[in-house]
Structures are given as C-alpha cells and as structure tokens.
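Q: Below is a structure I'd like to ask you about.
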Amino acid sequence: MALLLKGWRGPQWLKRNRRYLGVASFGYALLHTVFYLLDKASLTTVVDELPRLYIWTGWVAFIIFIPLALTSVDYFVRKMGTWWKWLQRWTYAAAVFTLVHWAALHDWNGAAPALVVTLPLPDRA
0 MALLLKGWRG
10 PQWLKRNRRY
20 LGVASFGYAL
30 LHTVFYLLDK
40 ASLTTVVDEL
50 PRLYIWTGWV
60 AFIIFIPLAL
70 TSVDYFVRKM
80 GTWWKWLQRW
90 TYAAAVFTLV
100 HWAALHDWNG
110 AAPALVVTLP
120 LPDRA
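Residue numbers for the sequence shown follow numbering that gives the first Met the number 0, beginning at 0 and rising by one.
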C-alpha cells in the first residue's frame, strides 16, 4: 500500500496509530455485540441464529478481538515479549472474519465498502 501511495503520509499515520485504531475497533465491536444481544433479548434466539454465516463469522471475529484488546497495553507488550507480536497477528484473521461478516450480512453487496475499511490493514512496512 505504501508503494502505491508514495509521498502520502497516511500509511505512516496509520502505522503510528494502529494500536489506538485497534482498540477503537474493539470498542465498536463490543458495542455492536451488546446492541445485537439487547435486540435479540433471548439467548435462545442468539443460539438459533448461530448457523448463519454472517452471525458465526461475527462471533469468531469478536472472540479473536478480546485477547487482542486485553493485551494491547504496554504492560502486556513488555510481559509477553515475542508472544505479544504472535498474538497481535491474529488481527488478520479477525479482519477476514469481519469482512465476511459484513459482506454476508449485506447479501454480498457489502463487500466493496468492507474492503475499503480493511484496505489499510496489509501495510506492515
């Protein structure tokens, strides 16, 4: 991505602020999940919807997000050492599940907007 937009300072800004963006993404996912659960208002309904692609992919992404968010503070970066980086690489799996969640929810018409949101992700330079 950085090569495509050479001279644009966006990739560096994204790189410097990726932890904040990740925590903000988790906050959004948490609110999204809370509102989903409040809307369904029944554990039975939630469990009955699990086989749907757009539901289980969202749950998998959210479950991956939890340890990522919990270990994103400096304390865990120091304490976990190289394991922290290994764990944080699960961001890519969560991004794929989130992309499928979004696209499947919108009958695969929502793939383009979802790709725009996840496009900055591959920039690891």
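Think of the CB as a built atom: it goes at the ideal place given N, C-alpha and C, for glycine as much as any other residue. Fair warning: this is a prediction, and the values are worked out from it, not measured in the lab.
Less than 8 Å between the beta carbons of residue 36 and residue 45, yes or no?
A: yes
Q: If you draw a straight line from the alpha carbon of residue 59 to that of residue 94, how long is it in whole angstroms?
A: 10 Å
Q: For residue 49, does the count of other Cβ atoms within 10 angstroms reach 16, so buried, or fall short, so exposed?
A: exposed
Q: Given a threshold of 16 other Cβ atoms within 10 Å of its Cβ, counted over all protein chains shown, does residue 63 qualify as buried or as exposed?
A: buried
Q: So, for residue 19: in the same chain, excluding its five sequence neighbours on each side, which residues have a beta-carbon less than 7 Å away from its beta-carbon?
A: none
Q: Roughly how many angstroms separate the alpha carbons of residue 91 and residue 40, rounded to a whole number?
A: 31 Å
Q: Helix or strand or just coil, what does DSSP make of residue 28?
A: helix
Q: Under a Cβ-count criterion, where at least 16 other Cβ atoms within 10 Å of its own Cβ denotes burial, should residue 23 be classed as buried or exposed?
A: exposed
Q: Mind checking whether residue 75 and residue 85 have CB atoms under 8 Å apart?
A: no
Q: Helix, strand or coil: how does DSSP classify residue 40 here?
A: Looking at residue 40 - three-state DSSP - the assignment turns out to be coil, as it is neither helix nor strand.
Q: Just to check my reading of the structure: residue 99 and residue 56 have Cβ atoms closer than 8 Å, yes? What is that Cβ distance to the nearest angstrom?
A: 5 Å
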